[in-house]
Amino acid sequence: MPVSKVYETSIDRLSILEPDGTFDESLGKGVIPDGDAVKLYEHIMLCRKFDEIAFKLQRSGRMGTYPENRGQEATSLGAAYALESKDWLVTCYRENAGLFWRGLPMEKILLHWMGDERGNQIDSELRVTPLAIPIGTQMLHAVGLAWAYKYQDSSSVSCTFFGDGATSEGDFHEAMNFAANLDIPTLFFCQNNGWAISVPTSIQCSADVLAQRAVAYGMKTIQVDGNDIFAVVKAVRDAAAYMRETSKPAFIEATTYRLGDHTTADDARRYRDAEEVEEWQGRDPVIRLRKYLEQRDLWNQSKQDEMEARAEKTVAEVVKNAEGIEPPVTEDMFDSMYASIPENLKTQRRTLRTSSLGQDPSQLPVRDTART
Amino acid sequence: MPVSKVYETSIDRLSILEPDGTFDESLGKGVIPDGDAVKLYEHIMLCRKFDEIAFKLQRSGRMGTYPENRGQEATSLGAAYALESKDWLVTCYRENAGLFWRGLPMEKILLHWMGDERGNQIDSELRVTPLAIPIGTQMLHAVGLAWAYKYQDSSSVSCTFFGDGATSEGDFHEAMNFAANLDIPTLFFCQNNGWAISVPTSIQCSADVLAQRAVAYGMKTIQVDGNDIFAVVKAVRDAAAYMRETSKPAFIEATTYRLGDHTTADDARRYRDAEEVEEWQGRDPVIRLRKYLEQRDLWNQSKQDEMEARAEKTVAEVVKNAEGIEPPVTEDMFDSMYASIPENLKTQRRTLRTSSLGQDPSQLPVRDTART
Amino acid sequence: MANLTLVQAINLALIQEMERDDRVIILGEDVGPNGGVFRVTEGLHKRFGDKRVVDSPLAESGIIGTSIGLAMGGLRPIPEIQFEGFLGPAYDQICTHAARMRTRTRGGLTVPMTLRVPVGGGIHAPELHSDSPEAIYSHNPGLKVVMPSSPYDAKGLLISAIRDPDPVIFFEPKRIYRAFREEVPEDEYTVPIGKARVVREGSEVTMISWGASVIHCMNAIEASGRDIELIDLRTINPLDYETVMTSVCKTGRAIIVHEAPLTCGIGAELSARIMESCFLQLEAPVQRVAGFDVIMPYYKLELDYLPDTERIGKAINEIVAY
Amino acid sequence: MANLTLVQAINLALIQEMERDDRVIILGEDVGPNGGVFRVTEGLHKRFGDKRVVDSPLAESGIIGTSIGLAMGGLRPIPEIQFEGFLGPAYDQICTHAARMRTRTRGGLTVPMTLRVPVGGGIHAPELHSDSPEAIYSHNPGLKVVMPSSPYDAKGLLISAIRDPDPVIFFEPKRIYRAFREEVPEDEYTVPIGKARVVREGSEVTMISWGASVIHCMNAIEASGRDIELIDLRTINPLDYETVMTSVCKTGRAIIVHEAPLTCGIGAELSARIMESCFLQLEAPVQRVAGFDVIMPYYKLELDYLPDTERIGKAINEIVAY
Ligand SMILES: Cc1ncc(C[n+]2csc(CCOP(=O)(O)OP(=O)(O)O)c2C)c(N)n1
Ligand SMILES: Cc1ncc(C[n+]2csc(CCOP(=O)(O)OP(=O)(O)O)c2C)c(N)n1
Ligand SMILES: [Mg+2]
Ligand SMILES: [Mg+2]
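Chains as they are written, first to last, in my numbering: chain A, 9 to 380; chain B, 9 to 380; chain C, 3 to 324; chain D, 3 to 324.
So this is what it looks like as structure tokens:
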């Protein structure tokens with residue numbers, strides 16, 4: 009057989025709830041019960057309020073850089089909803105919706121962006137890792153985590169979130185490859201929002217679909233409409249079932265869009281067209297979800313008003329908590345480096361205010377043995 | 009379209025000359041003219057002799073670690089033959105056959121493994137890079153090189169060689185991705201020899217074929233029988249034509265086998281079965297090539313004897329040259345770091361024999377300004 | 003002459019070198035239409051086009067690895083890494099290949115690349131946007147490491163770096179990107195790599211610093227009212243020991259100021275060498291005012307971490323009182 | 003007691019810790035059936051099986067990155083990187099995550115991993131198989147860095163490292179993997195991290211070293227016929243300054259010996275701190291006998307590069323003559 013086909017594959021795209029509210033009953037039935045659909049909708053609206061207030065905090069100088077989540081909420085939320093509390097969420101920095109759903113106190117995220125490590129001091133029972141600043145690096149931790157649980161015969165899996173840009177990093181490849189070859193049940197959840205700051209996805213991946221990345225590892229893969237929470241939930245649920253059964257990883261490309269700037273330090277008008285943004289505004293996950301709920305009489309304007317008032321209050325409280333925390337003390341930077349502080353650091357810590365370099369020779373014990 | 013197919017692909021495998029000498033005329037005709045086929049055969053036999061002698065040099069303490077090439081020669085040789093002299097060869101360390109074909113003086117390789125940087129001091133006209141010790145790192149250089157030539161409107165392409173193990177490194181992914189997305193004509197030539205030292209390919213890649221790696225980048229890809237020099241030449245020639253026309257990269261997975269240990273520091277019997285080795289001995293590229301030549305009356309035993317004697321002599325000469333070179337002097341380590349030596353290194357260099365740390369204070373000019 | 007910020011001076015140097023030499027190309031994340039996250043490459047994409055100002059995939063090792071290939075292929079690449087905290091993924095390509103290629107090939111292949119990286123703390127940035135890794139790239143042999151502290155030096159040093167036949171890491175102290183302006187000649191000029199600058203002369207103490215800290219040193223010196231000589235290294239590797247030693251042997255006292263952690267920082271090397279060269283002249287131990295040996299804290303504590311006028315002032319008091 | 007090489011002592015420590023604690027797992031390239039390229043993990047795969055001794059894909063960042071996750075998930079991973087020259091690809095995961103996770107999360111997540119890496123020159127290995135990067139991982143805060151110079155210490159330190167709640171880089175000087183044997187207790191014992199060892203006492207000079215160089219120091223001291231105190235750091239970070247300073251303040255003279263390049267090596271930090279702490283006691287400048295500030299040469303020149311008995315002897319002569 010001089011020329012023979014040694015491999016064949018194809019990739020599907022899943023969508024259930026279209027931007028105009030059309031709902032595919034055959035695929036979508038039972039994916040999200042009505043009561044949960046309402047809760048998820050309310051949750052996204054709460055995250056929007058959080059975004060709005062966080063943005064204002066930054067603009068008024070009360071917080072550092074902040075990355076708006078607006079437009080992408082259905083991805084991490086759908087995943088967090090579909091997974092179980094025993095599963096690890098290993099996030100990047102645009103997954104507030106999923107983290108809050110899991111139970112992360114909202115002020116943690118504010119504290120993080122307020123330049124306070126206590127924002128990352130998370131109850132480990134929550135099984136979430138802190139926001140990951142260095143792009144692409146956290147997926148390997150997700151693989152290690154799932155591996156550790158597999159080793160301990162737990163059925164926990166991990167789910168790691170990352171952007172289209174992150175798929176260009178070497179660590180992404182190594183994480184995918186480790187998981188595939190060592191049979192680690194990690195769900196790789198790519199939020200393809202079309203941009204990595206100012207760089208379009210075509211520069212990160214010139215393949216037809218980002219989901220092709222998974223083919224390199226023989227990994228189960230699918231593309232979903234990431235602004236369709238039903239599709240996201242179904243895809244994640246299917247993947248999780250597959251992972252728990254086979255102990256193998258899976259990949260999901262969720263197509264979505266960030267409606268805001270990359271972060272508050274960015275001005276997206278410099279590199280993308282208003283028409284593009286407008287087009288995606290029409291595909292906003294909350295618009296269609298609200299249509300879905302209203303069509304089923306699960307939602308109306310008065311509920312909306314009430315909920316918005318509630319969200320406003322909740323977020324105001326969160327801000328109060330975050331801003332009300334006592335400032336950290338200088339010594340904090342020494343106190344969490346190791347389980348116990350080594351001697352030389354103790355000296356620096358003790359003398360940091362009394363000596364220029366935090367290691368006043370006169371405080372070293374050996375001084376006593378001076379010969380001259 | 010709630011579930012739609014968004015991507016489809018398949019991968020071919022090419023072979024022309026089977027282990028038993030069967031030759032596919034329709035594909036193979038004209039791929040290698042008779043005269044060249046003889047030369048290529050002779051070249052592989054020369055490389056075998058080189059391998060044998062290098063191995064003995066190591067065993068007798070006259071050279072450091074050496075990686076035998078035996079069994080894999082058709083891959084790099086086929087590629088070097090199919091490419092043009094204006095194309096860059098960016099190799100790993102098991103591509104003697106291709107490098108020698110390009111014109112690299114054979115003693116360079118010996119010098120390298122004799123622990124002498126002059127083994128890497130290569131006439132840049134040859135357009136080959138030095139052996140790459142850190143696995144997976146050289147492919148990015150190949151992309152940069154091809155990019156530089158494209159920038160300068162040259163039709164040169166680059167071809168980079170690497171093993172199955174190397175495809176696990178992050179740099180491999182980044183190189184593939186850069187080339188695919190920025191349209192850089194680099195040929196990624198993977199020599200899948202089944203092992204990375206003691207680790208089988210299944211741990212590097214659990215996909216059906218390694219050629220799937222390329223699907224992640226939407227890159228042209230094919231699998232070839234790497235012990236079939238006709239298939240290699242055809243695949244590389246096709247890829248080169250495609251690259252020159254489109255300025256896009258391509259990927260070739262060549263399945264092959266190293267018949268020897270990983271290096272002289274390795275003992276492959278610790279991790280692989282004798283049967284496996286035996287099986288692959290039957291697929292040796294030279295056995296089938298010799299069959300091919302003999303079937304066409306291009307080769308016979310007396311030519312073989314004559315050639316072997318010639319090879320013996322050539323390699324003996326090479327060893328003499330490599331061993332005859334004057335030893336490097338200590339100062340050499342200072343002299344090639346920068347285009348011109350900075351002051352502080354000049355001091356170290358000058359005083360390396362007179363002072364313990366190569367920077368005798370008494371030789372520093374400032375000593376003269378002593379105040380006490 | 004124009005009154006420019008550091009960012010503008012660098013931008014001007016890039017434009018002039020790109021006009022002068024079409025082997026010069028820029029690549030990195032967001033360096034294209036967006037002009038870089040600090041706007042250092044602002045306008046360059048428009049001016050020089052897609053071919054010469056290239057938005058790359060988000061992959062630092064890829065940026066440096068391909069730059070090495072570009073350089074070996076005859077170009078003069080200027081890769082940008084967006085923040086020093088993201089040099090990590092490129093560490094291997096920088097130290098294993100860029101730094102070693104000339105030595106490895108005994109001059110056969112060379113890597114004339116200029117790696118631009120914003121560096122240092124003080125701008126209330128997120129995690130991994132405030133470190134100072136210059137010692138790492140000075141301990142690894144084979145690189146040149148430069149850090150300007152003023153617009154004038156920035157332009158002149160960058161031009162030298164781009165023309166240098168070897169790999170240069172050009173660290174840009176982001177804290178002073180726009181902190182002040184300075185008269186910068188519009189014509190091209192170079193500031194030599196490997197030469198420190200005596201910022202002010204003095205007889206009592208020699209203070210040595212580089213990058214954004216130089217300004218804090220200046221302030222502390224002025225506040226102290228003492229006659230202190232201030233040296234701005236400008237180049238960290240190769241280091242201009244002659245200027246340093248001449249000064250310290252004259253003053254007999256030295257203070258080194260840097261943002262990076264104390265342990266094995268450039269201050270350690272300077273201190274050791276000063277002792278080696280000026281032992282008999284030293285009136286007091288060399289003082290180091292540096293970052294503590296801890297992880298660079300998130301921004302609420304960053305000013306507690308960074309050497310400031312107060313800590314430098316303390317060092318002055320301590321050393322003259324010794 | 004058994005008479006063991008360094009390799010055997012490490013192997014024994016691994017076996018004992020794996021038997022004691024089933025959270026301990028080993029991963030890396032060729033650590034499985036092949037027993038590692040230096041045979042340090044020989045027999046472990048057979049003994050503990052696939053689940054606990056894992057051949058990984060050929061990807062250093064992946065090895066460390068997944069180890070971090072394994073550690074955060076409650077295990078005690080012992081990743082192996084095959085040679086120190088291949089730490090580069092893992093640099094980012096080591097310094098950006100392993101070193102920072104506890105600080106970042108204020109103790110919420112921790113990384114109790116022990117990263118084993120053969121280190122140093124002298125075995126006629128190919129390029130990138132002979133470097134000494136301990137200063138790099140000591141300048142980066144948040145790690146512990148250990149390097150034994152004897153089988154006894156190797157076993158005891160490794161056990162401490164594995165039980166340590168924080169990430170430890172355990173550098174194994176490959177030159178002495180099998181250079182000599184030593185009595186090593188078969189029972190478990192620990193050698194504390196952070197404590198130097200006074201190898202021999204002396205009054206004239208303090209010599210400080212670690213890893214394979216300790217033996218050259220010993221030889222040079224014996225050849226010199228002088229009364230020299232030799233300190234083996236054993237732990238490089240956190241460094242046991244008390245032992246060092248007590249000795250140097252006593253002898254008034256110090257020589258530091260290491261393989262890594264001079265500039266910003268551990269010798270620089272030690273030298274600077276000795277001056278800071280023992281200024282008035284110093285009779286001569288602290289001497290450093292180190293690698294030159296050049297790329298580690300290929301093996302024909304490696305002995306010219308590495309500090310040896312002769313160069314150390316010269317330093318002794320210089321310092322006592324000062
Ligand atoms: C290793 C690394 N390189 C560069 C950056 C700077 N940076 C922050 S976000 C970003 C773009 C990320 O794009 P993507 O992965 O698509 O995520 P998105 O923000 O679009 O969700 C870049 C380049 C970083 N944080 N880490
Ligand atoms: C970055 C790096 N990691 C580890 C090694 C050690 N090492 C040398 S060769 C090798 C296996 C390479 O396997 P493969 O890529 O399949 O090439 P092959 O030798 O089979 O041709 C390893 C792990 C190295 N040289 N570089
Ligand atoms: Mg994105
Ligand atoms: Mg292989």
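Using N, Cα and C, we set each Cβ at its ideal position, and we do this for glycine too.
Since we're looking at a predicted model, the values are computed, not measured.
Comparing the C-beta of residue i with each C-beta of chain B, is any distance below 8 Å?
i                : result
LYS13 (chain A)  : yes
ILE205 (chain A) : no
ASP32 (chain A)  : yes
PRO187 (chain D) : no
PRO263 (chain D) : no
Of the residues the options, which one's Cα is nearest the Cα of residue i?
i                : options                                : result
GLY127 (chain B) : B:ALA247, B:SER34, B:HIS149, B:ASN104  : B:ASN104
MET20 (chain C)  : C:GLU206, C:GLY51, C:GLY30             : C:GLY51
GLN95 (chain D)  : D:GLU86, D:THR105, D:SER69             : D:SER69
VAL322 (chain C) : C:VAL296, C:ILE138, C:LYS302, C:VAL207 : C:VAL207
SER12 (chain A)  : B:THR83, B:LEU195, B:VAL217, B:LYS354  : B:VAL217
MET147 (chain B) : B:SER344, B:GLY173, B:CYS100           : B:CYS100
ALA276 (chain A) : A:ARG56, A:ILE61, A:GLN129, A:GLU76    : A:GLU76
PRO257 (chain B) : B:MET53, B:ASN200, B:GLY152            : B:GLY152
LEU117 (chain C) : C:ILE12, C:ALA4, C:TYR154              : C:ILE12
ILE161 (chain D) : D:ALA15, D:ASN5, D:ALA4, D:VAL9        : D:ALA15
Answer yes or no: do residue i and residue j have a C-beta to C-beta separation smaller than 8 Å?
i                : j                : result
ALA163 (chain D) : PHE172 (chain D) : yes
PHE186 (chain B) : GLY64 (chain C)  : yes
TRP212 (chain C) : ILE238 (chain C) : yes
Would residue i count as contacting chain A if we go by Cβ distances under 8 Å?
i               : result
VAL63 (chain C) : Note on residue identity: the sequence assigns Ser, not Val, to residue 63 (chain C). Chain A contact via Cβ: present.
ASN13 (chain C) : no
HIS47 (chain D) : no
Is any beta-carbon of chain C found at less than 8 Å from that of residue i?
i                : result
ASP179 (chain B) : yes
MET147 (chain A) : no
ASP242 (chain D) : no
If the cut is a Cβ gap below 7 Å, which residues of chain E does residue i touch?
i                : result
LEU117 (chain C) : Given the protein chain composition of this structure (A, B, C and D), no chain E is represented.
Does the distance between the C-beta of residue i and the nearest non-hydrogen atom of ligand 5 fall short of 7 Å?
i                : result
TRP288 (chain B) : What this structure holds is ligand 1, ligand 2, ligand 3 and ligand 4, not ligand 5.
Handout entry: Segments assigned alpha helix (DSSP H), at least 4 residues, entirely inside the stretch 66-98 of chain A
Key = If one requires a minimum length of 4 residues, the alpha helix (DSSP H) runs lying completely within the stretch 66-98 of chain A are 81-90, in chain order.
Handout entry: Complete runs of the beta strand (DSSP E) confined to the stretch 112-192 of chain B [at least 3 residues]
Key = Positions of the beta strand (DSSP E) runs, each at least 3 residues long and wholly inside the stretch 112-192 of chain B, are given as 166-171 in order along the chain.
Practice task
Would you check if the stretch 73-88 of chain C and the stretch 12-29 of chain C touch, i.e. whether three or more CB-CB distances between them fall below 8 Å?
Solution key: With the cut-off at 8 Å, the stretch 12-29 of chain C and the stretch 73-88 of chain C touch.
Handout entry: the stretch 236-254 of chain B touching the stretch 186-195 of chain B, judged by at least three CB pairs closer than 8 Å
Key = Enough Cβ pairs lie closer than 8 Å, so yes.
Practice task
Mind the definition here: the stretch 272-291 of chain A touches the stretch 84-101 of chain A only if three or more C-beta pairs lie below 8 Å; say whether that holds.
Solution key: They do not touch, by the three-pair rule.
Practice task
Entirely within the stretch 46-103 of chain C and at least 3 residues each: give me those beta strand (DSSP E) ranges in chain order.
Solution key: Counting only unbroken stretches of 3 or more residues, the beta strand (DSSP E) elements lying wholly within the stretch 46-103 of chain C are 55-57, 78-82, in sequence order.
Problem - alpha helix (DSSP H) runs wholly inside the stretch 202-253 of chain C, at least 4 long, in chain order - result: Listed in chain order, they are 215-226, 243-253.
Exercise for the section: Within the stretch 263-289 of chain A, note down every full alpha helix (DSSP H) run reaching 4 residues or more, in order along the chain. Expected result: Within the stretch 263-289 of chain A, the runs of alpha helix (DSSP H) that reach at least 4 residues and sit entirely inside it are, in chain order, 282-289.
Handout entry: Entirely enclosed alpha helix (DSSP H) segments - the stretch 16-61 of chain A, minimum 4 residues
Key = Within the stretch 16-61 of chain A, the complete alpha helix (DSSP H) runs of at least 4 residues are 33-36.
Problem - contact_flag[the stretch 340-352 of chain A, the stretch 92-110 of chain D] where n(CB pairs < 8 Å) is 3 or more - result: The stretch 340-352 of chain A vs the stretch 92-110 of chain D: in contact.
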